[in-house]
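Take a look at the structure below.
Protein chains: 4
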Amino acid sequence: MAPAGAKKGILERLDAGEVVIGDGGFVFALEKRGYVKAGPWTPEAAAEHPEAVRQLHREFLRAGSNVMQTFTFYASDDKLENRGHTQRFTGQQINEAACDLAREVASEGDALVAGGVSQTPSYLSCKSEDDVKTIFKKQIDVFVQKDVDFLIAEYFEHVEEAEWAVQVLKTTGKPVAATLCIGPEGDLNGVSPGDCAVRLVKAGAQIVGINCHFDPETCVKTVKMMKEGVEKAGLKAHYMSQPLAYHTPDCNRQGFIDLPEFPFSLEPRILTRWDMQKYAREAYNAGIRYIGGCCGFEPYHIRALAEELAPERGFLPAGSEKHGTWGSGLDMHTKPWVRARARRDYWEKLKPASGRPFCPSMSVPDGWGITKGHADLMQQKEATSQDQLKPLFDRADKGL
Amino acid sequence: MAPAGAKKGILERLDAGEVVIGDGGFVFALEKRGYVKAGPWTPEAAAEHPEAVRQLHREFLRAGSNVMQTFTFYASDDKLENRGHTQRFTGQQINEAACDLAREVASEGDALVAGGVSQTPSYLSCKSEDDVKTIFKKQIDVFVQKDVDFLIAEYFEHVEEAEWAVQVLKTTGKPVAATLCIGPEGDLNGVSPGDCAVRLVKAGAQIVGINCHFDPETCVKTVKMMKEGVEKAGLKAHYMSQPLAYHTPDCNRQGFIDLPEFPFSLEPRILTRWDMQKYAREAYNAGIRYIGGCCGFEPYHIRALAEELAPERGFLPAGSEKHGTWGSGLDMHTKPWVRARARRDYWEKLKPASGRPFCPSMSVPDGWGITKGHADLMQQKEATSQDQLKPLFDRADKGL
Amino acid sequence: MAPAGAKKGILERLDAGEVVIGDGGFVFALEKRGYVKAGPWTPEAAAEHPEAVRQLHREFLRAGSNVMQTFTFYASDDKLENRGHTQRFTGQQINEAACDLAREVASEGDALVAGGVSQTPSYLSCKSEDDVKTIFKKQIDVFVQKDVDFLIAEYFEHVEEAEWAVQVLKTTGKPVAATLCIGPEGDLNGVSPGDCAVRLVKAGAQIVGINCHFDPETCVKTVKMMKEGVEKAGLKAHYMSQPLAYHTPDCNRQGFIDLPEFPFSLEPRILTRWDMQKYAREAYNAGIRYIGGCCGFEPYHIRALAEELAPERGFLPAGSEKHGTWGSGLDMHTKPWVRARARRDYWEKLKPASGRPFCPSMSVPDGWGITKGHADLMQQKEATSQDQLKPLFDRADKGL
Amino acid sequence: MAPAGAKKGILERLDAGEVVIGDGGFVFALEKRGYVKAGPWTPEAAAEHPEAVRQLHREFLRAGSNVMQTFTFYASDDKLENRGHTQRFTGQQINEAACDLAREVASEGDALVAGGVSQTPSYLSCKSEDDVKTIFKKQIDVFVQKDVDFLIAEYFEHVEEAEWAVQVLKTTGKPVAATLCIGPEGDLNGVSPGDCAVRLVKAGAQIVGINCHFDPETCVKTVKMMKEGVEKAGLKAHYMSQPLAYHTPDCNRQGFIDLPEFPFSLEPRILTRWDMQKYAREAYNAGIRYIGGCCGFEPYHIRALAEELAPERGFLPAGSEKHGTWGSGLDMHTKPWVRARARRDYWEKLKPASGRPFCPSMSVPDGWGITKGHADLMQQKEATSQDQLKPLFDRADKGL
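Structure, rendered in structure tokens:
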């Protein structure tokens, strides 16, 4: 295995027209495996249960990922603290451990290490540009010290905060990608996807796109709008999409957070591997070349992306040794009627049933219509008390 | 950690009225992680990728499992061979590696090791009782040598073959559990669940029940019928259920294999953690005390069983440190309307949407109506050829 | 037009192996047209708005009905009174008017007039056999005087009461048909469909079967069970089915009354004309020769029965002049893609969407589990008061 | 009853702020009753079966309609001829009969008679403005002679043709309403709803709005856009909506014609009476005062509009004598659990099930993307031949 330094960088790959396969969302995958707590969503597992995090990295690598994102989501000290995490590990310990794990596994294959920053409680609480930038600065210190290959500013609902992040990340000299968690309606201040993209490119991002909050169909549609905006402005960029692995046709502007099923009853919405192949093809056709995933993606979802784009890339991922394309492995199944499913035609046409005749196919999302600056979004150090929860419960019941 | 020998055995636990939490299905979980090939479904990963198998064992242990089943499903030489597995590992190597991994992780907590045998191609191909028993005998040699704690004969569609298996397993002197993969309509020869159970108990099984092929609701219903049969016959037994983690209200007698979504589009049917708590409670109320899972179960599903039965058992599993019961961890979520979901009332009532408005809620299962002895079920050493597949495809298309 | 007397009677037709097409349910059809009040469900429209009742008779005749059932459902004085009907018309006036309307329209084509009696409040309130029989006797006085062609005892949930009705009807010397509103689970006292049928035949009914409460699929299945019972007992009968025009896969023993959608939100369950053709064929194949409908049937549903069985009967109904079989009339549609639907293959395969993504596909029926003799079913002369309704509302809310 | 001349005219009513309740769609209602043939959709029943048409008028009047539209849809000689109608009646005979029937029933209550013209085959076949206007002129001769109360230009997919129609209708001196069958995306030439409305008002229409092709929700939304356009242009108009009684969330620009269920499997989409009350309220809140229906509306749907707006209008329709508002009549139902449904709260919250677990909730509409001028839309005198149908079938199959 060549040393990391010998690998082609992210921009070299994209400039050469290569497809870069991203990884999937660690928070949701590790929640199901028992190492992340939904609610706080903090990444202490990097230090606490490194074998579990390492194993997930390996599975994504094996599935075809070219990028190992450090598992550092929400790993700032203030977040770790106000989300009730008992301080067995400092933010720095977690961040360092996450970088080491990502690098260790990246070295086992053709993958780069990316360090990421996300939107901050401080922005929602209306802190100043300087305050917010200070937080980003502190987070990237570890990434610089651990020499990650590039940086990602991801999961921003307001383009203004993402611009600030990009400006800070650019100071490192490393390539910068920036993705918003918005849909075709634009960011939470009403800035259109096209305008968002232009602002991110102008701030210095070489790669722009969408991650999280919406299903692949919606994300690809939104990145297309970003691309049109960038091209109309006479600018250039690479494009990236890392959507959910959940079908979300019923989402409003705030995305899957607002669906009543978030986060503990999303199962019926999980995409199949065939849905993923469709996504990979549509993203490719839309001109997107950095194609990955976010919450809900399991290793086999990433493998499906790599399999769909194998003709363009010229190779299959390692994990395909355990997967016949388009179900062809089923020709070794015991039952003849299952062998009859060993073909593309069958799976591509199938409309899978939910097995839930008492459930609807779409939900009405919550629509509280509040964003940055609203009192309910101000964050406090203490856990939410029962007294604070009671009016929330009442309001929710009324809305049902 | 006490040595395995110091642990209470499976019968001691059940005789004492304790709840034993089983583990989940390795084949499906590892297929999603990239280590098992759907179609052959063979367990070479035990030798080939031990870190992946070990990690999954650990996650189930952490989720509350009291049993580590050796990952030896379909690990007989004839199966490994006729399913096209390149012989990097012998059946013996795989079986030994699987036993070692199960023991290693079991020793890290309060879990027993169980070795398992399943239905054979030979029975479907009408081989003699002696031939079939010889296969079982060979499989248990490794289990005896590795000194597993007890044995499970599981995944049998015909009670006759299961009886033969139980008779062989009994020769080891170890406790024996036996589960069929049948529903309320009985086995594929039309023997009712009650009669099946009586025959298994008479053959020597101390624990009887159902695994795989049907959803929890159906499995619990079928085990109840078994229990009624056993009690009516004046016999005694312990009861066990290890159902699918998929909703299957539309299945016929052959179970989920016949659903058009099997095995690559079952996602919309996956049970939520709340569905699992309901299952655990219903199984407990039905008098079942060995409660586990099969295909589709992920670690968080097993944890849900352990959490539901925590009042009876007196403790929560280790993995609950990352899970507030009934979503209570959401009181630390950023968005106030998500904090409003931090309660049992919310999740218990929610009817989750599929996000798939173009899909139905139930499917028409294949119904080829053939079983043991039919020419199409005779197994051959060679992979199925395209010439053999063509008529299967045509027949399947006609049925659509 | 030949005088009624010259027509072949109902038994002559059935004995000759002819298919007899019944009519549809007047109560539901006239409720939608504004002439029947849901709740009381009484037939005062026969006297109050004869033009509306006559028109509906004509539409069913035109659609192919060979039987005009007098619109006399619930037309006993006690029912009219205790259901709050202002006494503009006596029961006798309504019954006479209904007979005249049925005869008038029957004379315009090849149809017979049938007078019907149904289950009584008195039976549910545990009145004696004599009391109940007296009610039936009073009802048939008008039918005898108006010389209807045959009699139907229909809509009975308890076979015992139906037997009493048959015994009374037999005293007229006219042919007697008897249908229960039960499903495969049997009557509300748990008598199986086979045993019910045997008892009705022994009581003197020449035609037996099922009407109302369940969808065609369930009704045909239940009539099959009746036929098996009758044949096993060495008896002979003709068979008849008059099911709902609503899909009811989710019903329990009490039928569609218990569905939460009854009676004002049943629209999504309405059968298409193609569903009806399927029903006609299955009923015919099951040996049923008197094939009609009940609640929900509109004239075009009856026409679909007549069109499906046109090959057996040798002619199409008059109404088919306005209907190309299997959609063939669409070859004259303006849009070419609609012309492409002018064929059997298209409509037979189509799985029609509900256009209701926020609704489930099945409902949980109410299951209050009370029947004949329960205090809540005792009927009173006065309308239910708000004080009486309050505990019902509370109980219903709790069950949601 | 006062002579028609003594009634307040349509504009007097609307100018006074009154709510005008329209009627429902005759073509679909009479198709189900057996008097209209789907495909040709011609109104010969006005002359052929006047009793059926009269009865439907009466039912709508009784339900609360203030307008009796003459049943003259597609009643031009060229349409009658090229749709294969055997010439038992001339177009003039049909038109005259229709006017007489509408006037007869209107005189029985507080209703006006409206004569209507619709889009022409000639426009789609690119005939000149003069040719198209000549057709409209010929159609209104009968309306003038029969002295209808006002005129409606309805069911236009292209605003240009609707403008021509309005210009012709204005020559009569009678009030003119104009409705397009378009959705929020605008007419088939891409003109926005707002611009369409402005052009219609400038052409002389005093009432503008939407009819047919989309469900109430979509129609109200589109009329709102029209109103915004008109107000922005500094103009004034009255607004009207006559939507489908089918849920169509999945429609594209061409409306329900393109749904695969059109026209013979739309049943699962039929609106309930409660859906209708919601529509009436939303239409009223949007400033629409002429509120009626189109295809799929049955008399009870119109009654629901009148009941919802009874507080504003000060009275209930005659048909409400047979309908307790919000299901209150159920307090007289036999079963107590049905009596528990006698209240608004119950019906307003109910999500009705389809009873069709094997069907989806939404469909993919056909999208042939052709309109005015395309060869496939040119109309011929002869019926479409099998040779012409074959390529349509093939194209349709491919699209599935």
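Protein chains in written order, with UniProt numbering: chain A, 1 to 400; chain B, 1 to 400; chain C, 1 to 400; chain D, 1 to 400.
The beta-carbon is built from N, C-alpha and C at its ideal position, and this holds for glycine as well.
Worksheet item: What are the start and end residues of each continuous alpha helix (DSSP H) run of 4 or more residues lying completely inside the segment 93 to 151 of chain C, in chain order?
Response: 121 to 124 and 129 to 145
Which word fits C294 (chain B), buried or exposed, when buried means at least 16 other C-beta atoms lie within 10 angstroms of its C-beta?
Against the second sequence, residue 294 (chain B) aligns to sequence position 294. It is buried - the Cβ of C294 (chain B) has at least 16 other Cβ atoms within 10 Å.
Check your understanding: Under a three-way DSSP split, which group does I257 (chain A) fall into?
Key -> As a working mapping, residue 257 (chain A) is identified with position 257 in the first sequence. It is helical.
Query raised in the report: So which of B:Y123, B:V148 and B:G91 has the shortest CA-CA distance to T334 (chain A)?
Result: Taking the first sequence and counting its residues from 1, one reaches residue 334 (chain A) at position 334. Taking only the C-alpha atoms, the option nearest T334 (chain A) is B:Y123.
Nearest chain A C-beta to residue 429 (chain B) closer than 8 Å, yes or no?
Any question about residue 429 (chain B) goes unanswered here, given that chain B covers just 1 to 400.
- Range of the contiguous beta strand (DSSP E) that encloses N211 (chain B): Position 211 of the second sequence, counted from the first residue, corresponds to residue 211 (chain B). Residues I207 to N211.
Collapsed DSSP secondary structure at R303 (chain B) in the structure displayed: In the second sequence, residue 303 (chain B) corresponds to position 303, counting from 1. Correct three-state label for R303 (chain B): helix.
Check your understanding: Quick one: Cα of E48 (chain D) to Cα of Q93 (chain D), how far?
Key -> Start at 1 with the first residue of the fourth sequence, and residue 48 (chain D) comes out as number 48. Start at 1 with the first residue of the fourth sequence, and residue 93 (chain D) comes out as number 93. Rounded to whole angstroms, E48 (chain D) to Q93 (chain D) spans 10 Å at the Cα level.
Practice item. Would you mind reading off the limits of the beta strand (DSSP E) that contains T218 (chain C)? Key: Here residue 218 (chain C) refers to the residue found at position 218 when the third sequence is read from its first residue. Membership of T218 (chain C) in any beta strand (DSSP E) is not indicated; the residue belongs instead to the alpha helix (DSSP H) covering P216 to K232.
Practice problem: With distances taken Cα to Cα, identify the nearest neighbour of H374 (chain D) among D:P175, D:S125 and D:K236. | Solution: Mapped onto the fourth sequence, residue 374 (chain D) falls at position 374. Checking every option, the nearest Cα to that of H374 (chain D) belongs to D:S125.
**Asked** Which of the three DSSP states, helix, strand or coil, is assigned to I291 (chain B)?
**Response** Residue 291 (chain B) sits at position 291 when you count from the first residue of the second sequence. Strand at I291 (chain B).
* Asked: When the distance is taken between beta carbons, is V144 (chain C) closer than 8 Å to T172 (chain C)?
  -> The residue you call residue 172 (chain C) lines up with position 172 of the third sequence. The residue you call residue 144 (chain C) lines up with position 144 of the third sequence. Yes, these two residues count as a Cβ contact at 8 Å.
(message) Please list the terminal residues of the continuous beta strand (DSSP E) segment that includes V67 (chain A).
(response) Counted from its first residue, the first sequence places residue 67 (chain A) at position 67. Residues V67 to Q69.
**Item:** Presumed contact (8 Å Cβ cut-off) between T179 (chain C) and I210 (chain C), rounded CB distance
**Value:** As a working note, residue 179 (chain C) is residue 179 in the third sequence. As a working note, residue 210 (chain C) is residue 210 in the third sequence. 6 Å between Cβ atoms; contact.
>> Can you look up F264 (chain A) in the DSSP assignment and give me helix, strand or coil?
In response: Sequence index remark: in the first sequence, residue 264 (chain A) carries index 264 (1-based). Coil.
Let me check you understand the geometry: is the CB of W164 (chain D) closer than 7 Å to at least one non-hydrogen atom of the ligand MG? Among the components of this structure there are no ligands whatsoever, and the ligand MG is therefore not found.
Give a yes or no on whether the C-beta atoms belonging to I140 (chain D) and V105 (chain D) are separated by under 8 Å.
-> Working through the fourth sequence from its first residue, we reach residue 140 (chain D) at position 140. Working through the fourth sequence from its first residue, we reach residue 105 (chain D) at position 105. Judged by their CB atoms, I140 (chain D) and V105 (chain D) are not nearer to each other than the 8 Å cut-off.
Which residues of the segment 257 to 287 of chain C have a Cβ closer than 9 Å to any Cβ of chain D? Give them in chain order.
I257, D258, L259, P260, E261, F262, P263, F264, S265, L266, E267, P268, R269, I270, L271, T272, R273, W274 and D275
Q) Thinking C-beta only, is L330 (chain C) closer than 8 Å to R344 (chain C)? A) For the purposes of this step, residue 344 (chain C) is identified with residue 344 of the third sequence, where counting begins at 1. For the purposes of this step, residue 330 (chain C) is identified with residue 330 of the third sequence, where counting begins at 1. Not in contact: R344 (chain C) and L330 (chain C) (Cβ atoms no closer than 8 Å).
Q) Quick one: what's M276 (chain A) bridged to in DSSP? A) Taking the first sequence and counting its residues from 1, the one referred to as residue 276 (chain A) is at position 276. According to DSSP, which records beta bridges pairwise, M276 (chain A) is partnered with nothing at all.
Go through its chain and collect everything with a Cβ distance to A52 (chain D)'s Cβ below 7 Å, but skip five positions before and after it. Along the fourth sequence, one-based indexing puts residue 52 (chain D) at 52. So the list reads L30, R33, Y35 and A45, once near-sequence residues are dropped.
Using a C-beta cutoff of 8 Å, does K351 (chain D) count as contacting chain A?
As a first step, residue 351 (chain D) must be located in the fourth sequence, where it is residue number 351. Closer than 8 Å: yes.
In angstroms with no decimal places, state the Cα-to-Cα distance between T248 (chain A) and P336 (chain B).
Within the first sequence, the letter at position 248 stands for residue 248 (chain A). Within the second sequence, the letter at position 336 stands for residue 336 (chain B). Roughly 21 Å separates the two Cα atoms.
Item to complete: Figure out for me which residue from D:A353, D:R303, D:D387 and D:G287 has the closest Cα to the Cα of residue 407 (chain D).
Response: Residue 407 (chain D) lies beyond the residue range present for chain D, which begins at 1 and ends at 400; the question has no answer from this structure.
(Q) Tell me which residue opens and which closes the beta strand (DSSP E) that H238 (chain B) is part of. (A) Translated into the one-based positions of the second sequence, residue 238 (chain B) becomes position 238. Start and end: H238 to Q242.
(request) Mind listing the chain C neighbours of E298 (chain D)? Cutoff is C-beta to C-beta under 7 Å, in chain order. (result) Here residue 298 (chain D) refers to the residue found at position 298 of the fourth sequence. Simply K32.
*By DSSP, does residue 433 (chain B) sit in helix, in strand, or in coil?*
Residue numbering for chain B in the displayed model covers 1 to 400; residue 433 (chain B) lies beyond these limits and cannot be assessed.
* Give the DSSP-derived three-state secondary structure of L180 (chain D) in the structure shown. => If you number the fourth sequence from 1, residue 180 (chain D) lands on position 180. Taken through DSSP and simplified to helix, strand or coil, L180 (chain D) comes out as strand.
I'd like the list of long-range same chain contacts for P365 (chain C), defined as Cβ closer than 8 Å, with 5 residues on each side in sequence excluded. The count along the third sequence starts at 1 and reaches residue 365 (chain C) at position 365. Contacts found: D250, C251, N252, Q254, D258, L259 and P260.
*So, is D131 (chain A) buried or exposed, given that buried needs 16 or more other C-beta atoms within 10 angstroms?*
Counting from one through the first sequence, the residue named residue 131 (chain A) turns up at place 131. Per the 10 Å Cβ criterion, exposed.
Write down the C-beta distance between Y239 (chain B) and I182 (chain B) rounded to the nearest angstrom, noting that I regard them as a contact closer than 8 Å.
Along the second sequence, one-based indexing puts residue 239 (chain B) at 239. Along the second sequence, one-based indexing puts residue 182 (chain B) at 182. Incorrect: roughly 15 Å between the Cβ atoms, too far for contact.
Chain D residues whose Cβ lies nearer than 7 Å to that of A52 (chain C): As a first step, residue 52 (chain C) must be located in the third sequence, where it is residue number 52. Result: Q55.
Closest Cα partner of G204 (chain A) within the set A:A353, A:Y74, A:G194 and A:A165 | Taking the first sequence and counting its residues from 1, the one referred to as residue 204 (chain A) is at position 204. Of the candidates A:A353, A:Y74, A:G194 and A:A165, the one whose C-alpha sits nearest the C-alpha of G204 (chain A) is A:A165.
When the cut-off is 8 Å and only beta carbons count, does F214 (chain B) lie next to chain D?
-> Position 214 of the second sequence, counted from the start, is the residue given in the question as residue 214 (chain B). False, the Cβ-Cβ gap to chain D never drops below 8 Å.
- Query: Going by the beta-carbon positions, is the gap between V20 (chain C) and N66 (chain C) smaller than 8 Å?
  - Reply: Indexing the third sequence from 1 puts residue 20 (chain C) at position 20. Indexing the third sequence from 1 puts residue 66 (chain C) at position 66. In contact: V20 (chain C) and N66 (chain C) (Cβ atoms closer than 8 Å).
* Asked: Of the residues A:D147, A:C196 and A:K174, which one's Cα is nearest the Cα of E157 (chain A)?
  -> By one-based count along the first sequence, residue 157 (chain A) stands at place 157. Answer by Cα proximity: A:C196.
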